[in-house]
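Here the protein sequences line up with chains P and A, keeping their order. Position 147 of the first sequence, counted from 1, bears residue number 1390 in our numbering, the numbering being contiguous throughout. Position 359 of the second sequence, counted from 1, bears residue number 377 in our numbering, the numbering being contiguous throughout.
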Amino acid sequence: MIGKWRVLSGLIATAMVAATAAPALAEDWKPQRPIEIIAPAGPGGGWDLIARTMQKALTEEKLVDKPIIVTNKPGGGGATGWNYLKGKSGQGEFLAANSPLILQNNLLGKSDLTYKNFFMLANLMAEWEVVAVKADSPWKTGKEFFEAMKKDPSSMHIGVGPALGNDDHIQFLTLTKAFGADPKAVKFVVYPNTAAEQIPALLGGHIQAITISLAETLEQVKAGKLRILGVSSPERVSELPNVPTWKEQGVDFVFPHWRGVMAAPGLSPAQQKFWTETIDKMVKSKTWKDSLETLGWDDYYTPSTDYVTFLDKQDTLMRESLTDVGLIK
Amino acid sequence: MEAILHNLGLGLEVALTPNNIMWVFIGGLLGTIIGMLPGLGPATGVAVLIPITYGMNPATALITMSAVYYGAMFGGSRASIMINTPGDASAIVSCFDGYPMAKKGKAGSALAISAIASFVGGMIGMVCLVFFTEPVAAMALKFGPAEKFSLMLFALTATITLSEGSILKGFIAMGIGFMLATIGIDGQSGAIRFTMGIDDLQDGIDFLVVMIGLYAVTEVFKNFSAMDVKYDIDAKSIGRVWVSWPDFKKSIGPMLRGSPLGFLIGVLPGAGGTIATFLSYAVEKSVTKKPAEFGKGAIQGLAGPEAANNACSCGALVPLLTLGIPGSGTAAVMLGALMMLGVRPGPILFEQHPEIAWGVIASMLVGNIMLLMINLPLAVPLVRLLKIPQRIMLPLILGMGYMGTYFLNYASFDFILVSLAALAGYMLVKLSIPIPPMVLALILGGMTEQSFRNSLTIANGSLSIFWEQPISLAFLVLAAISLVYALNKQKKLMKMPSTPEEEAD
């Protein structure tokens, strides 16, 4: 009896090895186990939303035949989740959401991780950055505002959050320089709770302007409480047709607040091919497009190779701005 | 005004559909249970629920999530009272007198009064919300960084004066709390402070982890030596979940003081339940004729803060109503879920979707009543927990404490932190250094520092901003008064011969 079982289990084992080995031999690769998309933050934020939107689109469009789970791994401004992904080297079943923080954490010396540690799969969406003032304030354009700032930098206080060195901050520094004022003289007031503190502070007259992402101010602008001086998009955004871009105001500055997805390092060409093709199908699907629409996000799909070129450029720009004001020594 | 009543009527129509009432009940019950587990607060509860809400219409989804939020607040103090383990920061104060009450065999009264006070606070808060939204919203906008700093300074000094024994020890505790709060990345300068090269400390120390260590695990240590001691508890009185008339009479004042206080603090941007509960406790202790009873099971010390906490959550709706800005982390999670449903929160939400916005407000009214009905009967099986022998109960608390710690950040490093906090807690108890100032300083430390720096940035480096702004000056004066009052009290105590009450606990 025992002998028989041994033969049988041996056969089963051989069959299993053959089954797992077969795809690796072939040209094509497919996920072998459930797929895990890591949101390196708690539920409810941008990373979580993008991970869950991907989960929804990939599942509903049947682009993968394994189940997908989203795991929240908050901590270290993304570093905890990304480190976890880094540890999955060569495994094609792990993806993670990312954002400019992967550049900024490294630039500011908070983390050793860079985008070069991963297979950068695709840039997916963008929100745009704005500078907003109170609706009854005297400044109507970027030029007027920065002229006033040049005259008396100590009378202008700019709200930013949750910490210096992020996209909001870098936008303002770049603009200040472009409009001919001194980035070092800008008085930033840092609000750890971001919009929830920045907007009341602006409405209460404690600060004169905020640099923030468009979505956070949109409803306030519609309600007539805030005015946006300019937006960092290449063309005017459909929600606010009257608001000029920075480009229109003579500053060559297009600055997306983007979010993308990356995979573990050390993937085989077959694994890379599978994911680039799958994501390409996903961003063209109806489910994906509809979800972006409901969330109010702009499609900013950039496939892998172009994504890396884009990141190289962003890295240079941010390094420059942050060195200017002494955040990078 | 009329418009508000009209809208409230509209909201009640939405809230009172059988389907929504059912979800308020399910959400409230679920929230209460989640809130009772250490480490699982309202934010986690709401997050867990997000997938369930996908199929719902937005109004029902938001109503369900609010019910969980509310339920978790009711439930949070259950764990404080029964096992000295606060579920979230605003339930810390409920440990001060709730747990001693339970130890004295008055767990039934403690649970009952906490549910009643939560209910009263919630109701008064709702009334304030309906009638005073406009004026308080205008007041909240005047609240800048200088005012915020002075308010926190006042909350801290008031808490020091609460502590038993010497004021100096209170200051030492506060100092330790502030020092712990500086650990991690500083948002302003980007500097990595005091992490000793440990990456896990970059995000700072999670005060909830420290709290679980200081309260729950320390409690296990303290009781370990007396594991086989039987408490002198009257078995009959345990099962009764009701408040005696004299106890209730004592609680009326605290509830009526705590509610408006909590509401006002809730309106202020970023202040929240922690300050509201600590301040309410401070108020009650200075108002009472027998301050020595506080910390040893005074029902007033439980009723006031519980009412303040729930009124505070109503106050936090004011910025949401007037500006479309979420007042708390939990509200932010709710808004994230709403965005998935295609509803964008903002000031126009109330014009575009009044049925959602007012439906939620009305459902909180309904939820308040329902939670009182859920929580009073639920207390009956809960008080039975006290009959469990210590040798079973203590390991259970320990296990729950460590489990809750892991649920907070899913970080195994927190196990080390919680153990260190527990050891520190044991030492602090032995040295009779009060723990509350330390916890409060740890929670408020980051905010205090940042609002101090923001004030100076806005004033271009001049300290005078703190006394030139009238609201800020008022808080500074209050802080000074509370300090002088406490010093005075201490002097009197020193002159008196030591009473039996002075014995170390």
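Virtual Cβ for every residue (Gly too), placed ideally from N, Cα, C.
query = In the region 1448–1459 of chain P, which residues sit with their C-beta less than 9 Å from some C-beta in chain A, listed in chain order?
reply = Gly1448, His1449, Ile1450 and Ala1458
query = Is Trp1501/P helix, strand or coil by DSSP?
reply = Your numbering for residue 1501/P matches position 258 in the first sequence. Strand.
task = Taking only the alpha-carbon atoms, compute the straight-line gap between Asn38/A and Asp1541/P and give it to the nearest angstrom.
result = Within the second sequence, residue 38/A is the residue found at index 20, counting from 1. Within the first sequence, residue 1541/P is the residue found at index 298, counting from 1. Our two residues, Asn38/A and Asp1541/P, have alpha carbons roughly 35 Å apart in a direct line.
query = Are the Cβ atoms of Asn427/A and Gly139/A separated by less than 8 Å?
reply = In the second sequence, counting from the first residue as 1, residue 427/A sits at position 409. In the second sequence, counting from the first residue as 1, residue 139/A sits at position 121. Contact flag unset, no.
inquiry  = Just checking: is the beta-carbon of Asn506/A within a distance shorter than 8 Å of some beta-carbon in chain P?
reply    = Residue numbering aside, residue 506/A sits at position 488 when the second sequence is read from its first letter. For Asn506/A, the answer is no, since every Cβ of chain P falls outside 8 Å of its Cβ.
Beta-carbon spacing of Met192/A, Leu174/A below 8 Å = Here residue 192/A refers to the residue found at position 174 when the second sequence is read from its first residue. Here residue 174/A refers to the residue found at position 156 when the second sequence is read from its first residue. Cβ distance < 8 Å, so Met192/A and Leu174/A count as in contact.
key: As assigned by DSSP and simplified to three states, the class of Leu58/A   = Counted from its first residue, the second sequence places residue 58/A at position 40. Reduced to three states, the DSSP call for Leu58/A is coil.
inquiry  = Does chain P have any CB closer than 8 Å to the CB of Gly63/A?
reply    = Here residue 63/A refers to the residue found at position 45 when the second sequence is read from its first residue. With 8 Å as the cut-off, Gly63/A does not count as an interface residue toward chain P.
query = What residues from chain A crowd round Trp1442/P, counting only those whose CB sits closer than 8 Å?
reply = Position 199 of the first sequence, counted from the start, is the residue given in the question as residue 1442/P. Reading off the sequence shown, one finds Ile at residue 1442/P, where the question assumed Trp. What Ile1442/P touches in chain A: Leu341 and Ile343.
Cβ-Cβ separation, Gln508/A to Ser184/A (assumed contact under 8 Å), whole Å = Translated into the one-based positions of the second sequence, residue 184/A becomes position 166. Translated into the one-based positions of the second sequence, residue 508/A becomes position 490. With a Cβ gap of about 7 Å, Ser184/A and Gln508/A count as contacting.
task = Compare the Cα-Cα distances from Gly1318/P to each of Leu511/A, Leu505/A, Leu481/A and Asp432/A and report the closest residue.
result = Position 75 of the first sequence, counted from the start, is the residue given in the question as residue 1318/P. Of all alpha-carbon atoms in Leu511/A, Leu505/A, Leu481/A and Asp432/A, the one lying nearest the alpha-carbon of Gly1318/P is that of Asp432/A.
query = Start and end of the alpha helix (DSSP H) containing Arg1479/P?
reply = Start at 1 with the first residue of the first sequence, and residue 1479/P comes out as number 236. Counting along the chain, Arg1479/P falls outside any alpha helix (DSSP H), and DSSP gives it neither H nor E.
key: Cβ neighbour criterion (16 or more within 10 Å) applied to Asp1425/P   = As a position in the first sequence, residue 1425/P is number 182, starting the count at 1. Result: exposed.
task = Could you tell me the boundaries of the alpha helix (DSSP H) in which Met512/A lies?
result = Sequence index remark: in the second sequence, residue 512/A carries index 494 (1-based). It spans Pro488 to Lys513 - the alpha helix (DSSP H) in which Met512/A sits, taken as one unbroken run.
query = What does Met476/A reach in chain P if we use C-beta pairs closer than 9 Å?
reply = As a position in the second sequence, residue 476/A is number 458, starting the count at 1. For clarity, residue 476/A is Ile in the given sequence; the question names Met instead. Under the 9 Å cutoff, chain P gives His1400, Lys1430, Val1432, His1449 and Ile1450.
ask   = In chain A, which residues lie less than 7 Å from Ser1397/P when you measure between Cβ atoms?
value = Numbered from 1 along the first sequence, position 154 holds the residue referred to as residue 1397/P. Residues of chain A passing the Cβ test: Asn478.
query = In or out: Asp224/A buried (at least 16 other Cβ within 10 Å) or exposed?
reply = In the second sequence, the residue the question calls residue 224/A occupies position 206. Asp224/A should be labelled buried.
key: Range covered by the alpha helix (DSSP H) that runs through Val384/A   = On the second sequence, residue 384/A is found 366 positions in, with the first residue counted as 1. Unbroken alpha helix (DSSP H) run through Val384/A: Pro372 to Arg402.
task = Leaving out five residues on either side along the sequence, give the residues of the same chain with a beta carbon under 6 Å from the beta carbon of Gly315/A.
result = For the purposes of this step, residue 315/A is taken as the residue at position 297 of the second sequence. Here the set comprises Asp115, Pro118, Met119 and Lys122.
query = Under the DSSP definition of a beta bridge, which residues are partnered with His24/A?
reply = Taking the first residue of the second sequence as 1, we reach residue 24/A at position 6. DSSP lists no partner for His24/A.
ask   = Straight-line CA distance for Ala549/A to Arg471/A?
value = It is not possible to answer for residue 549/A, since the shown part of chain A is limited to 19 through 523.
query = How about the region 259–272 of chain A and the region 150–157 of chain A: do they share at least three Cβ pairs that are nearer than 8 Å?
reply = No: fewer than three Cβ pairs fall under 8 Å.
ask   = Cα separation between Val111/A and Gln318/A?
value = In the second sequence, counting from the first residue as 1, residue 111/A sits at position 93. In the second sequence, counting from the first residue as 1, residue 318/A sits at position 300. A straight line joining the alpha-carbon of Val111/A with that of Gln318/A spans about 12 Å.
message = Residues in the same chain with beta-carbon distance under 6 Å from Thr236/A, minus the five sequence neighbours each way, listed in chain order, please.
response = Within the second sequence, the letter at position 218 stands for residue 236/A. Once the five neighbours on either side are set aside, the close Cβ partners of Thr236/A are Ala440, Gly443 and Tyr444.
query = According to DSSP, is Asp1523/P helix, strand or coil?
reply = Within the first sequence, numbered from 1, the residue matching residue 1523/P stands at position 280. Asp1523/P falls in the helix class under three-state DSSP.
ask   = When DSSP builds the beta bridges, which residues end up paired with Met1368/P?
value = As a first step, residue 1368/P must be located in the first sequence, where it is residue number 125. Answer is Arg1502/P and Asp1542/P.
request  = Measuring only between beta-carbons, confirm whether Gly208/A sits less than 8 Å from chain P.
outcome  = As a first step, residue 208/A must be located in the second sequence, where it is residue number 190. Closer than 8 Å: yes.
task = Return yes when the Cβ of Gly1473/P is within less than 8 Å of the Cβ of Leu1445/P, no when it is not.
result = Indexing the first sequence from 1 puts residue 1445/P at position 202. Indexing the first sequence from 1 puts residue 1473/P at position 230. No, Cβ-Cβ distance for Leu1445/P and Gly1473/P is not below 8 Å.
message = Counting only beta-carbon separations shorter than 8 Å, does Asp432/A have a partner in chain P?
response = Here residue 432/A corresponds to residue number 414 of the second sequence, with the count starting at 1. No - not a single Cβ of chain P is within 8 Å of the one on Asp432/A.
ask   = Taking all protein chains shown into account, do 16 or more other C-beta atoms lie within 10 angstroms of the C-beta of Ser500/A, making it buried, or fewer, making it exposed?
value = Residue 500/A sits at position 482 when you count from the first residue of the second sequence. So Ser500/A counts as buried.
ask   = What residues in its chain sit with their C-beta under 8 Å from that of Met1525/P, if we drop five residues either side in the sequence?
value = One-based indexing of the first sequence puts residue 1525/P at position 282. Met1297, Ala1300, Leu1301, Glu1304, Leu1306 and Trp1531, listed in sequence order.
query = How many Å lie between Leu1268/P and Leu1344/P at the Cα?
reply = Numbered from its first residue, the first sequence carries residue 1268/P at position 25. Numbered from its first residue, the first sequence carries residue 1344/P at position 101. Caution is warranted here: a pLDDT of 48 is assigned to Leu1268/P, below 50, making its placement in the model unreliable, and no coordinate value can be reported.
message = Against chain A, does Leu1469/P count as a neighbour if the rule is that its beta carbon must be under 8 Å from one of theirs?
response = Taking the first residue of the first sequence as 1, we reach residue 1469/P at position 226. No, because no Cβ of chain A sits closer than 8 Å to the Cβ of Leu1469/P.
Cα-Cα separation between Glu282/A and Gly1447/P, rounded to whole angstroms = Taking the second sequence and counting its residues from 1, the one referred to as residue 282/A is at position 264. Taking the first sequence and counting its residues from 1, the one referred to as residue 1447/P is at position 204. The sequence shown places Leu at residue 282/A, rather than the Glu named in the question. Going from the Cα of Leu282/A to the Cα of Gly1447/P covers about 17 Å.
message = Output needed for Ser381/A: all residues of its chain with C-beta closer than 8 Å, excluding positions within five of it in sequence on either side, in chain order.
response = Here residue 381/A refers to the residue found at position 363 of the second sequence. Counting only Cβ-Cβ distances below 8 Å, and skipping sequence neighbours, we find Gly29, Val32, Ala33, Asn38, Val42, Ile81, Ser84 and Ala85.
query = Leaving out the 5 sequence neighbours to the left and right, which residues in its chain are closer than 6 Å to Ala1369/P when beta-carbon positions are compared?
reply = Stepping through the first sequence from its first residue, residue 1369/P is reached at position 126. Here the set comprises Pro1499, Trp1501, Asp1541 and Tyr1543.
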